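First comes the structure, then the notes that go with it.
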Amino acid sequence: MLDIKFVKENRGIVEEAIKNKHSKEVNLDELLAVYEERKELRNKLDELNQKRNIAAQNRAVDEGVALKKEVVTVEAKLVDLDKKFMSLMILLPNIPSADTPVGPDESGNKVVRQVGEKPSFAFKPKEHWELGVELDLIDNERAANVSGPRFTYLKGDLALMQFALIQFALEILVNEDTLTKIKNDSGLNISPKPFVPIIPPVFVKPAVMNRMARLEPREERYHTEADDLYLVGSAEHTLGPIHMDEVIPAEKLPIRYAGYSTAFRREAGAASKDTRGIIRMHQFDKLELESFCLPEHSYQEQDFFVAIQEYIMKSLGLPYQVVLICTGDMGGPDHRQFDIETWMPGQNKYRETQTSDLMTSYQSRRLNTRFKKKDEKPDFVHMNDATAIAVGRTLVAIMENNQQADGSIKIPEVLQKYMGKSVIAKQ
RNA sequence: GGAGGGCUCGCAUAGUGGUCUAGUGCGUUCGCUUGGAAAGCGAAUGUGCCGCAAGGCACCACAGGUUCGAAUCCUGUGCCCUCCGCCA
Numbered sequence: 239m240l241d242i243k244f245v246k247e248n249r250g251i252v253e254e255a256i257k258n259k260h261s262k263e264v265n266l267d268e269l270l271a272v273y274e275e276r277k278e279l280r281n282k283l284d285e286l287n288q289k290r291n292i293a294a295q296n297r298a299v300d301e302g303v304a305l306k307k308e309v310v311t312v313e314a315k316l317v318d319l320d321k322k323f324m325s326l327m328i329l330l331p332n333i334p335s336a337d338t339p340v341g342p343d344e345s346g347n348k349v350v351r352q353v354g355e356k357p358s359f360a361f362k363p364k365e366h367w368e369l370g371v372e373l374d375l376i377d378n379e380r381a382a383n384v385s386g387p388r389f390t391y392l393k394g395d396l397a398l399m400q401f402a403l404i405q406f407a408l409e410i411l412v413n414e415d416t417l418t419k420i421k422n423d424s425g426l427n428i429s430p431k432p433f434v435p436i437i438p439p440v441f442v443k444p445a446v447m448n449r450m451a452r453l454e455p456r457e458e459r460y461h462t463e464a465d466d467l468y469l470v471g472s473a474e475h476t477l478g479p480i481h482m483d484e485v486i487p488a489e490k491l492p493i494r495y496a497g498y499s500t501a502f503r504r505e506a507g508a509a510s511k512d513t514r515g516i517i518r519m520h521q522f523d524k525l526e527l528e529s530f531c532l533p534e535h536s537y538q539e540q541d542f543f544v545a546i547q548e549y550i551m552k553s554l555g556l557p558y559q560v561v562l563i564c565t566g567d568m569g570g571p572d573h574r575q576f577d578i579e580t581w582m583p584g585q586n587k588y589r590e591t592q593t594s595d596l597m598t599s600y601q602s603r604r605l606n607t608r609f610k611k612k613d614e615k616p617d618f619v620h621m622n623d624a625t626a627i628a629v630g631r632t633l634v635a636i637m638e639n640n641q642q643a644d645g646s647i648k649i650p651e652v653l654q655k656y657m658g659k660s661v662i663a664k665q
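Okay, structure coming up:
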């Protein structure tokens, strides 16, 4: 959610953000009128309450009764206006950063850099689902019988590799020396404070999802009726609200979490997209980064997140490109968004494997997550969220990039120690 | 799932209808004192909204209700604790 004072003073910027992000039209005149009316009513209510307090002191029964009646009327109006005000406010998207390209859709995204060399093959590279079936690593067919489409059994060395990837990434994220190196290599002037590893809940209350601005589109979420809870679509959904309604002393920032959880997505509206293999599943595991920092550090914090993502991909030997997402393709709560797209030789294209979202205070305002500097008033923290490892898609990238002529898959060197072998070959 | 207890200003507590614009202790900050410190003494010490300010309003887990008046009474919800049952 935006700050209403900002909206009031920067109508043009807000209108442009709505237009460029293809957000739902919001009548700003109406919004501001509702805000002013609400303010007036508040003041009126304050006055009434003051009179009422005095009347009560004086045991003025008749006057009290009369005032109470008036208060009830005003309060009812105020409740209505509050609802209306909030319903309009949450429609407003976050303002894109100055360096965000304006564009209609993904065609407007800007490739910032390409890193790593695409492998060349003396044979026609296979797609990961061919490799997966041939090497008995994924079994979508049986999973479909048991659970339906877009589920899989990850088997054998691929299951082992999932844990190898997570362990590999976690060791980077909790190691201050490694993080210091990453930060210095990127020329960032930022704390190298390690991430706290977390295994977060995968169920979340609807009201909290709403405060994260992640409830919509609702049809994308799994919902349990008996308990009225949603299954998270990302660890972000329960990591982000972890400090809601808290005031964090400024010296404790940044607070960084690395959360590992399963993500659940209905993939509504993605019918017939990526139906083969394990690119787009209803259920997949992910190591997610989430941080809370001072406003003046949030750009660098995001740059740091991207640097970590790149360090991981480089270490795995995967060719990738960093993409700055344009207004038409970015999420509503985002101020700036980068995607890491990794080269997939089987499919002969770059596919999104990671994303990095700078939310500024858009989420923290509704979550009421604040920081306090000594002798200053509390203010809203800035939040960053990013993927460290999306296991499924990273496995796909490794399979397709590291396939060999004999149909086996070379295990990236950094993962070998966790798997006790160097190649995934046919049994 | 069952039975009981609890939730008050950073922490600990007092407060069972108006004297609560919430008291006290601890902590923190400032001042006095001192060669310096400790102790002692004094003062300050939350959040949000409106306002240039003075000031006002709201908040005692949350939401409703009763009352001229609610931290206090009633109802619902959440969370915590103890015991029982079940269980990875």
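Every letter in the first sequence is one number past the one before it in the numbering used here, and letter 334, counting from 1, is 572.
Even for Gly, the Cβ is constructed at its ideal location relative to N, Cα and C.
Computed from a predicted structure; not experimentally measured.
I need the straight-line Cα distance from V312 to E268, nearest angstrom please. Residue mapping note: residue 312 aligns to position 74 of the first sequence, counting from 1. Residue mapping note: residue 268 aligns to position 30 of the first sequence, counting from 1. For V312 and E268, the distance between alpha carbons rounds to 20 Å.
If you run the structure through DSSP and keep just helix, strand and coil, what is H620? Along the first sequence, one-based indexing puts residue 620 at 382. Three-state result, H620: strand.
Can you tell me where the beta strand (DSSP E) holding A496 begins and where it ends? For the purposes of this step, residue 496 is identified with residue 258 of the first sequence, where counting begins at 1. Going by DSSP, A496 is part of the beta strand (DSSP E) stretching over 493–502.
Where does R589 fall in DSSP's three states? Here residue 589 refers to the residue found at position 351 of the first sequence. Reduced to three states, the DSSP call for R589 is strand.
Length at least 4, wholly inside the stretch 297–339: the alpha helix (DSSP H) runs in chain order: Entirely contained in the stretch 297–339, the alpha helix (DSSP H) runs reaching 4 residues are, in chain order, 299–327.
In the DSSP assignment, what are the bridge partners of E579? Along the first sequence, read from residue 1 onward, the residue named residue 579 stands at position 341. DSSP, once it has assigned bridges, lists Q559, E590 as partnering E579.
Start and end of the alpha helix (DSSP H) containing K243? In the first sequence, the residue the question calls residue 243 occupies position 5. First-last of the alpha helix (DSSP H) with K243: 242–247.
C-beta atoms of S499 and P438 nearer than 7 Å: Within the first sequence, numbered from 1, the residue matching residue 499 stands at position 261. Within the first sequence, numbered from 1, the residue matching residue 438 stands at position 200. In contact: S499 and P438 (Cβ atoms closer than 7 Å).
Test item: CB-CB of M450 and P479 under 7 Å: Position 212 of the first sequence, counted from the start, is the residue given in the question as residue 450. Position 241 of the first sequence, counted from the start, is the residue given in the question as residue 479. It is a contact, given that the beta carbons lie within the stated cut-off.
First and last residue of the uninterrupted alpha helix (DSSP H) at R380: Position 142 of the first sequence, counted from the start, is the residue given in the question as residue 380. The continuous alpha helix (DSSP H) containing R380 extends over residues 378–384.
Exposed or buried, what is M324 when buried is set at 16 or more other beta-carbons lying within 10 Å of its beta-carbon? Taking the first sequence and counting its residues from 1, the one referred to as residue 324 is at position 86. It counts as exposed.
Would you tell me roughly how many angstroms separate the C-alpha atoms of I486 and V412, rounded to the nearest one? Here residue 486 refers to the residue found at position 248 of the first sequence. Here residue 412 refers to the residue found at position 174 of the first sequence. So the two alpha carbons sit approximately 22 Å from each other.
Indicate whether K259 and T565 have their beta-carbon atoms separated by less than 7 Å. As a position in the first sequence, residue 259 is number 21, starting the count at 1. As a position in the first sequence, residue 565 is number 327, starting the count at 1. Contact flag set, yes.
Q295 to L305 span [Cα, whole Å]: Here residue 295 refers to the residue found at position 57 of the first sequence. Here residue 305 refers to the residue found at position 67 of the first sequence. Cα-Cα distance, rounded: 14 Å.
Just how far apart, CA to CA, sit V303 and K524? Taking the first sequence and counting its residues from 1, one reaches residue 303 at position 65. Taking the first sequence and counting its residues from 1, one reaches residue 524 at position 286. Cα to Cα, V303 sits roughly 59 Å from K524.
Run through the DSSP bridge pairs and tell me what A293 is partnered with. What you label residue 293 is simply residue 55 of the first sequence in a count that begins at 1. Answer by DSSP bridge pairing: none, since A293 is not bridged.
Residues bridged to I662 by DSSP? Residue numbering aside, residue 662 sits at position 424 when the first sequence is read from its first letter. According to DSSP, I662 bridges with I647.
Can you give me the Cβ contacts of Y558 inside the same chain, cut-off strictly under 8 Å, excluding the 5 residues immediately before and after it? Translated into positions along the first sequence, residue 558 becomes position 320. Sequence-distant Cβ neighbours of Y558 in its own chain, meaning closer than 8 Å and more than five residues away, are Q352, V353, G354, E548, M551, I578, E579, T580, W581, Y588, T591.
What is the DSSP secondary structure of H520, reduced to helix, strand or coil? Numbered from 1 along the first sequence, position 282 holds the residue referred to as residue 520. H520 falls in the coil class under three-state DSSP.
Would you give the residue range spanned by the alpha helix (DSSP H) that P444 belongs to? For the purposes of this step, residue 444 is taken as residue 206 along the first sequence, with counting starting at 1. First-last of the alpha helix (DSSP H) with P444: 444–449.
Is the CB-CB distance between G555 and H366 below 7 Å? Taking the first residue of the first sequence as position 1, residue 555 is located at position 317. Taking the first residue of the first sequence as position 1, residue 366 is located at position 128. No, the pair does not count as a contact, with Cβ atoms beyond the cut-off.
Give the secondary structure of H461 by DSSP, where H, G and I count as helix, E and B as strand, and everything else as coil. Indexing the first sequence from 1 puts residue 461 at position 223. DSSP places H461 in strand when its eight states are reduced to three.
Helix, strand or coil: how does DSSP classify M551 here? The count along the first sequence starts at 1 and reaches residue 551 at position 313. Note: M551 maps to helix in three-state DSSP.
Span separating the alpha-carbon of I253 from that of L417: Looking up residue 253 in the first sequence gives position 15. Looking up residue 417 in the first sequence gives position 179. Residue identity check: residue 253 is Glu in the sequence provided, not Ile. Going by C-alpha positions, E253 is about 39 Å away from L417.
On the criterion of 16 or more Cβ atoms from any shown chain inside 10 Å, does A635 qualify as buried, or is it exposed? Here residue 635 refers to the residue found at position 397 when the first sequence is read from its first residue. It is buried - the Cβ of A635 has at least 16 other Cβ atoms within 10 Å.
Rounded C-beta distance between H573 and S345? I'm assuming under 8 Å. Numbered from 1 along the first sequence, position 335 holds the residue referred to as residue 573. Numbered from 1 along the first sequence, position 107 holds the residue referred to as residue 345. In this structure H573 is not in contact with S345, their Cβ atoms being roughly 21 Å apart against a cut-off of 8 Å.
Let me know the secondary structure DSSP gives S510 once reduced to three states. By 1-based counting over the first sequence, the position of residue 510 is 272. Residue state, collapsed to three classes: coil.
From the DSSP output, in three-state form, read off R456 for me. Numbered from its first residue, the first sequence carries residue 456 at position 218. The DSSP-derived three-state label of R456 is helix.
According to the neighbour-count rule (16 or more other Cβ atoms, all chains shown, within 10 Å of its Cβ), is D541 buried or exposed? Walking along the first sequence from the start, residue 541 turns up at place 303. Burial state of D541 is buried, judged by a 10 Å Cβ sphere holding 16 or more other Cβ atoms.
Any chance the stretch 393–407 sits against the stretch 621–639, with 3 or more Cβ pairs inside 8 Å? Yes: at least three Cβ pairs fall under 8 Å.
Run the CB neighbour count on F361, radius 10 Å, all protein chains shown included, and call it buried at 16 or more, exposed below. To locate residue 361, count along the first sequence from 1; it is residue 123. Classification for F361: exposed.
To the nearest angstrom, report how far apart N639 and S385 are at their CA atoms. Here the question's residue 639 lines up with position 401 in the first sequence. Here the question's residue 385 lines up with position 147 in the first sequence. Straight-line Cα distance between these residues: approximately 30 Å.
Less than 7 Å between the C-beta atoms of S553 and P492, yes or no? Within the first sequence, numbered from 1, the residue matching residue 553 stands at position 315. Within the first sequence, numbered from 1, the residue matching residue 492 stands at position 254. No, these two residues do not count as a Cβ contact at 7 Å.
So E538 packs on N606, CB below 8 Å; how close in whole Å? Reading the first sequence from its first residue, position 300 is the one you call residue 538. Reading the first sequence from its first residue, position 368 is the one you call residue 606. Contrary to the premise, residue 538 reads as Gln rather than Glu in this sequence. The Cβ separation is near 25 Å, so there is no contact.
Out of F433, F543, L392, D377, point me to the one whose CA is closest to F522's CA. Here residue 522 refers to the residue found at position 284 when the first sequence is read from its first residue. Shortest Cα-Cα distance from F522 to any of F433, F543, L392, D377 involves L392.
Give the DSSP-derived three-state secondary structure of L628 in the structure shown. To locate residue 628, count along the first sequence from 1; it is residue 390. Note on residue identity: the sequence assigns Ala, not Leu, to residue 628. Reduced to three states, the DSSP call for A628 is strand.
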